[in-house]
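What follows is a set of notes on a single structure, which appears directly below.
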Amino acid sequence: MLSFAEYSQFFVGLLAIVDPLGAIPVFLILTARQNAKTKRATIRLTVLSVFSVLIVSLLLGEWILSVLGISINAFRCAGGLVLLLMALSMLQSHLMAPSEVDQLQEDETIALVPLTIPLLAGPGAISTVIVYAHQSHEWSHFVLIFAAIASVCVCLWLTLVAMPWLSKHITAKSIAMSTRIMGLLLAAIAIEFIAGGLKGLFPGFA
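If you count by this note's numbering, then the sequence shown holds residues 551 to 756, one letter each, in order.
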């Protein structure tokens with residue numbers, strides 16, 4: 551069982567990785583040719599897909615690692631590197647290239663790819679859930695991790711539902727600023743991941 555601060559860190563870290571505000575520009579462009587009904591369906595499918603990917607990671611992630619023969623400490627280091635690269639990209643406010651977006655506008659599966667994977671529930675989010683899920687095997691721990699994932703998905707849903715209003719009242723600079731702040735928080739969490747993984751792999755150097 552982790553402390554309240556650690557569960558809070560997990561929630562903030564996962565929210566930073568999913569980054570609903572940072573996804574708004576891409577979402578607006580990809581759904582520009584959809585009518586209101588289709589957009590609502592896309593939002594529902596996107597949120598459900600993100601929730602499903604993260605819950606599967608919570609329930610089966612550790613088992614998948616054991617089947618592949620990967621230690622949690624090695625995965626923690628790898629996940630930390632993925633998060634660090636993602637954080638550096640966020641700090642530079644890198645979004646999907648316009649040419650990539652143009653190719654996807656007519657694709658009916660955009661709710662799954664690229665909105666869910668890799669934009670919202672990519673390797674960074676998956677690795678974060680698996681690493682935190684491994685830290686305790688008490689049922690209350692999994693309930694709290696589940697609650698944090700559900701809360702992040704609710705934040706994502708609220709953001710996407712409010713997207714028309716947000717697109718009119720939040721400037722590109724505001725989105726870039728929030729993305730950079732989230733990137734900075736994510737970089738700190740990534741360093742913690744890498745440090746914890748290295749301590750586990752090389753206990754003599756701890």
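For glycine and all other residues, C-beta sits at the position ideal for the given N, C-alpha and C.
Val681 and Ser616 have their C-alpha atoms some 13 Å from each other. Three or more Cβ pairs closer than 8 Å define a contact, and the segment 624–634 falls short of that threshold against the segment 706–722. Non-local C-beta neighbours of Met636 in its own chain, meaning closer than 6 Å and more than five positions away in sequence, comprise Gly674, ordered along the chain.
Fully enclosed alpha helix (DSSP H) runs of no fewer than 4 residues occupy 622–641 of the segment 607–650, in order along the chain.
Put simply, the backbone Cα of Met551 is about 28 Å away from that of Ser599.
For Ile744, the enclosing alpha helix (DSSP H) begins and ends at Ala722 to Leu751.
By the CB criterion at 8 Å, Ile725 and Ile579 fall outside the cutoff. Secondary structure of Gln685 (DSSP, three-state): coil.
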